[in-house]
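Asker: One structure follows; several queries about it will come next.
Numbering (this note's numbering), first residue to last: 11 to 507.
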């Protein structure tokens, strides 16, 4: 090769290297957070006090990565820790993230030269037919061995950034899977907390229902005795039997719900129902978090994994639009081969056996039947889809937060009313018991007052459980503090422009 040719190719390489700094297509920028309040009406500093407790809304407060510790239940903490290790859905999400990371690393290979080596040992014999056809008499060709060792290098210059946009797309998918993993952690922890609260509430409801059934059975026994003595009508017995049967019918569904909740908790922690032996939860073992953080709207967008995942999908769609743009532009490749070819391994690597080649090529799509244009239009539409979905996720997230904040305020009112009703029923029971001791009312009045008190207690249990569960929902709606956790590594996204 002449020196001038080599210099010309050197200039070509320098030019191509400079052009590779460009990348067609739009660059992704995270959308701005909406400048809107979280709730239609100003949020109060605290809820009304209910059952002796008011919840304080800490505006711009931070969230702990293990927010469930605020319930002060060692059993709950242990279950969540076990679930984080053994839950199959989490394990699948972790593996999906690793898959996306490796796909990104594989895609990064397109940005680097491809180098391959080969060695060939070929035994062959040439034909003597041409010599015989011309009337020559020559000895038959002897077989010989041809040895070839070579090294090949190829490089596709990413002049317009198509390869880098593809890597950017892959890296955005890594970010998406990382956010999906965080969402899985958050959902799992919130589901376990909610299941534990519901289990505690069911235990209390079952106890109160059993007490009501016992009272009504006792009342039925008294009525039967009165009927036998002529002091009561048989119709009263039938009425009490119907009331008792109706109350007994409410117990099996509660027991069924409790059994299903225990099985669900077993599944959450990656255990089989038959091998799950966790302690029972009670409302007394779960404490209401009194200070609950409320993130600012600008921070909420960055904290919620579902919003971050939607942004990553939009980033991926934008990168693929750049890939579609680059596919419509020229592609430049460089290939180089160097090697040795000889008849003997001993003399293979000598100057006389040296072979080499250097080639450069450029390809420009001219007519593709409208394929590339249609692909770009499809990429634009996909980006529009991702942008609309992102907006929908953000609106849904703000709705979720507003719903939970509203629910907590009304939960306090409901619990306060339920507490008042339970206190009144307890006082009524005490008065009725005093009247019975004085002979002013029959014992059936005491049993009726006890039933009213137990029903009020069930309503109070439900209100307390709802408040506890909605508090967990608020922590989930605020993002769950995943940014303070260190048990999940950050995604590999170093090559995103």
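The beta-carbon is built from N, C-alpha and C at its ideal position, and this holds for glycine as well.
1. Using DSSP's beta-bridge definition, name the partner residues of residue 349.
2. Buried or exposed: residue 378, going by 16 or more other Cβ atoms within 10 Å of its Cβ?
3. Who are the Cβ neighbours of residue 443 in its own chain at under 8 Å, not counting the five residues just before and after it?
4. Output the distance between the C-alpha atoms of residue 295 and residue 69, rounded to the nearest integer angstrom.
5. Taking the beta carbon of residue 316 as the centre, do at least 16 other beta carbons fall within 10 Å, making it buried, or is it exposed?
6. Once DSSP output is grouped into helix, strand and coil, what is the label at residue 169?
7. Can we say the stretch 225-240 touches the stretch 459-471, given the rule of at least three CB pairs closer than 8 Å?
8. When burial is assigned at 16 or more other CB atoms within 10 Å of the CB, is residue 303 buried or exposed?
9. With distances taken from CA atoms, which of 46, 45 and 58 is nearest residue 421?
10. Check each candidate in 34, 40 and 44 and name the one with the smallest Cα separation from residue 405.
11. Have a look at residue 239 and residue 477 and give me their C-alpha separation to the nearest angstrom.
12. In the DSSP assignment, find the beta strand (DSSP E) that holds residue 66 and state where it starts and stops.
13. Determine the DSSP secondary structure at residue 408, reduced to helix, strand or coil.
14. With contact counted as at least three CB pairs below 8 Å, one residue from each stretch, are the stretch 175-183 and the stretch 426-440 in contact?
15. Measure the C-alpha to C-alpha separation of residue 173 and residue 35 and round it to an integer number of angstroms.
16. Count the other CB atoms, across all protein chains shown, that sit within 10 Å of the CB of residue 374; report buried if there are 16 or more and exposed otherwise.
17. Decide if residue 395 is buried, meaning its Cβ has at least 16 other Cβ atoms within 10 Å, or exposed.
18. Could you name the residues of the same chain whose beta carbon sits closer than 6 Å to that of residue 368, not counting the 5 residues immediately before and after it, in chain order?
19. Look at the alpha carbon of residue 137 and the alpha carbon of residue 152, and state the distance between them as a whole number of angstroms.
20. Is the beta carbon of residue 56 closer than 8 Å to that of residue 175?
21. Using the beta-carbon count (16 or more within 10 Å), is residue 134 buried or exposed?
22. Just to check my reading of the structure: residue 191 and residue 107 have Cβ atoms closer than 8 Å, yes? What is that Cβ distance to the nearest angstrom?
23. At which residues does the beta strand (DSSP E) containing residue 133 begin and terminate?
24. Taking DSSP's pairing of strands, which residues face residue 62 in a bridge?
25. Among 358, 221, 87 and 313, which has the Cα closest to the Cα of residue 204?
26. Considering only residues of the same chain and omitting the five flanking positions on each side of residue 333, which have a CB-CB separation below 6 Å?
27. Between residue 488 and residue 73, which are expected to be in contact by the criterion C-beta below 8 Å, what is the C-beta distance as a whole number of angstroms?
28. Tell me, please, whether the stretch 71-85 touches the stretch 154-166 by the rule of three or more beta-carbon pairs shorter than 8 Å.
29. Report the rounded CA-to-CA distance for residue 155 versus residue 166, giving the unit in angstroms.
Answerer: A quick look at the data gives this:
1. 160 and 365
2. exposed
3. 456 and 459
4. 28 Å
5. buried
6. coil
7. yes
8. buried
9. 58
10. 44
11. 50 Å
12. 66-69
13. helix
14. no
15. 12 Å
16. exposed
17. exposed
18. 346
19. 10 Å
20. no
21. exposed
22. 5 Å
23. 124-134
24. Answer is none; residue 62 lacks a bridge partner.
25. 87
26. 172, 175 and 176
27. 6 Å
28. no
29. 35 Å
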